[in-house]
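J.: One structure follows; several queries about it will come next.
Number of protein chains: 4
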Amino acid sequence: MSRKSNTEARRAEIVEAMLAVMAQQGYEKATIQAVAKQAGLAPGLIHYHFKSKQEILLALVQAIARYAQQRYQTALGEAQAPVARLQAYLNAQLGLGEGAAPQMVAAWVMIGAEAVRQAEVREVYQTVIAAELASLTQMMGDCLVEAGRSRAAAPDLAAGLLALMTGAFQLSSAAQAVMPTGYAAEAAIAYAVNGIAAAPQA
Amino acid sequence: MSRKSNTEARRAEIVEAMLAVMAQQGYEKATIQAVAKQAGLAPGLIHYHFKSKQEILLALVQAIARYAQQRYQTALGEAQAPVARLQAYLNAQLGLGEGAAPQMVAAWVMIGAEAVRQAEVREVYQTVIAAELASLTQMMGDCLVEAGRSRAAAPDLAAGLLALMTGAFQLSSAAQAVMPTGYAAEAAIAYAVNGIAAAPQA
Amino acid sequence: MSRKSNTEARRAEIVEAMLAVMAQQGYEKATIQAVAKQAGLAPGLIHYHFKSKQEILLALVQAIARYAQQRYQTALGEAQAPVARLQAYLNAQLGLGEGAAPQMVAAWVMIGAEAVRQAEVREVYQTVIAAELASLTQMMGDCLVEAGRSRAAAPDLAAGLLALMTGAFQLSSAAQAVMPTGYAAEAAIAYAVNGIAAAPQA
Amino acid sequence: MSRKSNTEARRAEIVEAMLAVMAQQGYEKATIQAVAKQAGLAPGLIHYHFKSKQEILLALVQAIARYAQQRYQTALGEAQAPVARLQAYLNAQLGLGEGAAPQMVAAWVMIGAEAVRQAEVREVYQTVIAAELASLTQMMGDCLVEAGRSRAAAPDLAAGLLALMTGAFQLSSAAQAVMPTGYAAEAAIAYAVNGIAAAPQA
DNA sequence: AATGAATGAGTGTTCATTCAT
DNA sequence: GATGAATGAACACTCATTCAT
Chain U
368 MSRKSNTEAR RAEIVEAMLA VMAQQGYEKA TIQAVAKQAG LAPGLIHYHF
418 KSKQEILLAL VQAIARYAQQ RYQTALGEAQ APVARLQAYL NAQLGLGEGA
468 APQMVAAWVM IGAEAVRQAE VREVYQTVIA AELASLTQMM GDCLVEAGRS
518 RAAAPDLAAG LLALMTGAFQ LSSAAQAVMP TGYAAEAAIA YAVNGIAAAP
568 QA
Chain S
368 MSRKSNTEAR RAEIVEAMLA VMAQQGYEKA TIQAVAKQAG LAPGLIHYHF
418 KSKQEILLAL VQAIARYAQQ RYQTALGEAQ APVARLQAYL NAQLGLGEGA
468 APQMVAAWVM IGAEAVRQAE VREVYQTVIA AELASLTQMM GDCLVEAGRS
518 RAAAPDLAAG LLALMTGAFQ LSSAAQAVMP TGYAAEAAIA YAVNGIAAAP
568 QA
Chain G
368 MSRKSNTEAR RAEIVEAMLA VMAQQGYEKA TIQAVAKQAG LAPGLIHYHF
418 KSKQEILLAL VQAIARYAQQ RYQTALGEAQ APVARLQAYL NAQLGLGEGA
468 APQMVAAWVM IGAEAVRQAE VREVYQTVIA AELASLTQMM GDCLVEAGRS
518 RAAAPDLAAG LLALMTGAFQ LSSAAQAVMP TGYAAEAAIA YAVNGIAAAP
568 QA
Chain Y
368 MSRKSNTEAR RAEIVEAMLA VMAQQGYEKA TIQAVAKQAG LAPGLIHYHF
418 KSKQEILLAL VQAIARYAQQ RYQTALGEAQ APVARLQAYL NAQLGLGEGA
468 APQMVAAWVM IGAEAVRQAE VREVYQTVIA AELASLTQMM GDCLVEAGRS
518 RAAAPDLAAG LLALMTGAFQ LSSAAQAVMP TGYAAEAAIA YAVNGIAAAP
568 QA
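Protein chains in written order, with our numbering: chain U, 368 to 569; chain S, 368 to 569; chain G, 368 to 569; chain Y, 368 to 569.
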């Protein structure tokens, strides 16, 4: 007859609130009070479920990574041929800013900035980046092999693709007004396809 | 009798101190006290030369933009053929992170994060981005023409290049450990060259 | 489970502390630290209960107005004939400085000074002044009618009375040493009574 | 051949600047920087001519007192009969707010507020008030004598008049919007004339 | 689990005053 | 006399964190 713990649900609510607030305010301005208000909870409750504000941030990074991974799986399931799968993946990721989850994109940009100065955040950020890079390298490698090329070019191509995506997120958050519309997915695909074509034979 | 004004020199010192502190601490943590200490000045003096902390940030954005513009001019002077000039430019810009001015790159990443939330910062950030985009569009256009292609592809190619560079800066600041070494310049050049080759005839 | 809110009580305490500090220090010198100390609270707590220092001031104006209104009601209840009621009222008000609430008088003088420069304070100050003026006009009108005079003279007589009272407060706070003792109530009553006698017939 | 000292002229300029700034900003907000700017002088120069900010305030009180005294003399010169002279005087003083020197009135109100909390200011304020009171007592006494009354009523009548004037200044600065127009001079004269008429025979 | 008050260090900013020139 | 930079101690206000209830 003991009360069921709702800690996990509460934690998820708080992380989601942090996402929403951080997307438009940044980490420093995402105060505990603001997060609590966004979540509809009492401020004191936040520190009951999280030791510190940074712990919420770390949980948020994990949550965003999980979400991106889900999109990766979904995109993979939609196509069979390597190039088609890559295309689906890039469209999925770069579509985040426009349609699906602009909040998540903005928060991710903020997390990137925090990663520059908080070592602990940088650590988990790098883990996510490394995983993404590995996924991309795998995909690019498959595309290269299918095109009769050597896998050797995959890591650098993947890194370039990741940089392009990261930059597109940043610019969509901070300079949308001066960027062309919808260039990003097209640019990423062109970069990949041309890069494959230009890669040396296996 | 009268005393000579040293405001311009002091302002430059303060901006430089802001650059240094912000590069490793971010904007919020770059407190006036910290900036003053870095500059070796009394805290109260900062506000004698700048109306607000944000004004220092805006001055820093201008300073970085000026510096990048100088590099652009220098890079242009070294080569004549469009593609050679583009290559020189990309090498110059993307070399910032590794050799020349990693502090400036880190600060620029922080400024990008601030641009997401501070409208006034966003404005000047966008001005700089727009100028960079215009330069890149001009260069890509020249390359396309030289290759007998239509200029029409230039804006999107330039946007992709800018995103790639922006992302490379972000990742060099926050995830250097997991990225391949020296991929960025190569990736940018490959993206440009392949993009030109794939563009429709004029 | 939940904790009961003590905000209203705390707010009242803080307003009272502001009254005490402001009475002898003025608004600018009534620092949040000083108010907190007077109230026996931690400085940070002040801003938990009030959004800003000015908000405390505005609450104080309301509190003083409420207090004056109570005295008005009390004074009214003590007498029936218009002139007797007026006399009771003036004695009540002008007795504030000497006996009842010299702190409140001093604070009211300070509020008057703030009203000159802070628009928001001026607004509420004027509201209180206008209410007082309306009360006085009503009383003077009743006295005039009772004496068979026209009500037309009431507004100007009331204004003169209010000025006399306001000035008496100011001088009792800043120049008590050089003013005759207990002149104020007598002067106000003489002004009113003589003014009624000199008013034109209805 | 030594440079002629312009200290007196400079001091007067600074005092005048303090008057202007204080009239709309109050004493605390009348910063040395603001006064210097108003006077068109370098900030550092202020403290060359005045030991402290308070010293400027004290000089201002004296200057306003001198100005009021001049008006007193002028008003006296315009009429011979005691009542006519009183009337001229009250018109002169209470006309300050509307026509002649609203700045001076506003500053005087601010000085009155400072007098409540700064002992040194209170001292000179009281001196001025005492002098004014003496002048008024003399005038009222003359009027009483002329009307065949005892001088005994003069001090209290003078005090009431001074309170009325002081309050009129305060309300013209802080609550002009809700007060009747031009009531003050009329009210003061009525108070004096009726008071004389009601005074006991000599 | 939950509440909301409480704490106190820290923030950007202001400003009287000082001082080298 | 005059200048304008420099100082440092305030100030109002913010906020992560703690704690009694």
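Each residue gets a CB set at the ideal place from its N, CA and C atoms; glycine is no exception. Keep in mind that this is a model prediction, so the values were computed, not measured.
Whole angstroms are fine: how far does the CA of G:Ile563 sit from the CA of Y:Asn561?
T.: 10 angstroms
J.: Report back the beta-carbon spacing between S:Ala442 and S:Ala430 to the nearest angstrom; my notes put them in contact at under 8 angstroms.
T.: That belief does not hold up - the Cβ atoms of S:Ala442 and S:Ala430 are roughly 19 angstroms apart, past 8 angstroms.
J.: Just the chain U side, please: which residues come within less than 8 angstroms of S:Pro449 by C-beta, in chain order?
T.: Around S:Pro449, no beta-carbon contact reaches into chain U at under 8 angstroms, the shortest distance being about 19 angstroms.
J.: Interface residues of chain U around S:Gln391 at Cβ under 7 angstroms?
T.: Arg484
J.: Verify whether the separation of the beta carbon atoms of S:Arg489 and U:Gln392 is less than 8 angstroms.
T.: no
J.: Output, in chain order, the set of chain Y residues within a Cβ distance shorter than 8 angstroms of G:Val402.
T.: Correct list: empty, because the minimum Cβ distance to chain Y is about 15 angstroms.
J.: If the criterion is Cβ atoms closer than 8 angstroms, does the pair G:Tyr492 and G:Ala501 meet it?
T.: no
J.: Measure the Cβ-Cβ separation of U:Arg516 and U:Pro567 and say whether it is below 8 angstroms.
T.: yes
J.: Closer than 7 angstroms by C-beta to Y:Ala387: which residues in its own chain qualify, once you throw out the five before and the five after it? Chain order, please.
T.: Gln405 and Gln470
J.: At a CB-CB cut-off below 7 angstroms, which residues of chain U make contact with S:Leu500?
T.: Val545
J.: Just list the residues that DSSP pairs G:Gln568 with in beta bridges.
T.: G:Arg516
J.: Roughly how many angstroms separate the alpha carbons of U:Glu513 and U:Gln400, rounded to a whole number?
T.: 53 angstroms
J.: Need the endpoints of the alpha helix (DSSP H) that U:Leu408 sits in, please.
T.: Unbroken run through U:Leu408: none, as it is neither H nor E.
J.: For the alpha helix (DSSP H) that contains S:Lys396, what are its first and last residues?
T.: Where S:Lys396 is concerned, the enclosing alpha helix (DSSP H) stretches over Thr374 to Lys396.
J.: On the premise that Y:Val545 lies in contact with G:Ala480, defined as a C-beta separation below 8 angstroms, what is that separation, rounded to the nearest angstrom?
T.: Not quite, the Cβ-Cβ distance comes to about 17 angstroms (not below 8 angstroms), so this is no contact.
J.: Who are the Cβ neighbours of U:Ala384 in its own chain at under 7 angstroms, not counting the five residues just before and after it?
T.: Excluding positions up to five away in sequence, the list reads Val402, Gln405 and Ala406.
J.: Report yes or no: is there a C-beta of chain U within less than 8 angstroms of the C-beta of S:Ser419?
T.: no
J.: Run the CB neighbour count on S:Thr374, radius 10 Å, all protein chains shown included, and call it buried at 16 or more, exposed below.
T.: exposed
J.: Nearest to U:Glu553 by alpha carbon, out of S:Leu528, S:Ala390 and S:Gly508?
T.: When only C-alpha atoms are compared, the closest one is S:Leu528.
J.: For Y:Asn561 and chain G, any beta-carbon pair shorter than 8 angstroms?
T.: By the rule that beta-carbons nearer than 8 angstroms mark a contact, Y:Asn561 touches chain G.
J.: Note down, in chain order, every chain G residue with its Cβ under 7 angstroms from the Cβ of Y:Thr533.
T.: Gly534, Gln537 and Leu538
J.: Judging by CA-CA distance, which residue of G:Leu412, G:Ala525, G:Gly462 and G:Val450 is the nearest neighbour of G:Ala435?
T.: G:Gly462
J.: CA-CA distance, S:Thr349 and U:Gln447?
T.: Not covered by the structure: residue 349 of chain S. The range shown for chain S is 368 to 569.
J.: When you compare each of Y:Leu424, Y:Pro449, Y:Gly508 and Y:Met532 to Y:Ala569 by their alpha carbons, which one comes out closest?
T.: Y:Gly508
J.: Cβ closer than 8 angstroms: which chain Y residues qualify as neighbours of G:Gly479?
T.: Val476, Ala480, Gln537 and Ala541
J.: Does DSSP put U:Ser369 in a helix, in a strand, or in coil?
T.: Low confidence applies to U:Ser369: its pLDDT is 40, below 50, so where it sits in the model is not reliable, and the reading given next is rough at best. Shown here, U:Ser369 sits in coil according to DSSP, grouped into three states, outside any helix or strand.
J.: Tell me which residues share the same chain as U:Ile423 and place their Cβ nearer than 8 angstroms to its Cβ, disregarding the 5 neighbours each side in the sequence.
T.: Ile381, Val382, Met385, Val402, Ile413 and Phe417
J.: Using only the alpha-carbon positions, how far apart do Y:Ala455 and Y:Gly549 sit?
T.: 15 angstroms
J.: If you draw a straight line from the alpha carbon of S:Gln543 to that of S:Val428, how long is it in whole angstroms?
T.: The alpha-carbon atoms of S:Gln543 and S:Val428 are separated by roughly 24 angstroms.
J.: Mapping DSSP to helix, strand and coil, what is S:Ile563?
T.: In the displayed model, S:Ile563 falls within a helix according to three-state DSSP.
J.: Work out the CA separation of Y:Gly411 and S:Ser369 for me, nearest whole Å.
T.: 11 angstroms
J.: Hey, how far is the Cα of U:Arg452 from the Cα of U:Met506?
T.: 8 angstroms
J.: Three-state secondary structure (DSSP) at S:Gln485?
T.: coil
J.: Taking the alpha carbon of S:Tyr558 as the reference point, which residue from S:Thr533, S:Ala390, S:Leu538 and S:Leu524 has its own alpha carbon closest?
T.: S:Leu524
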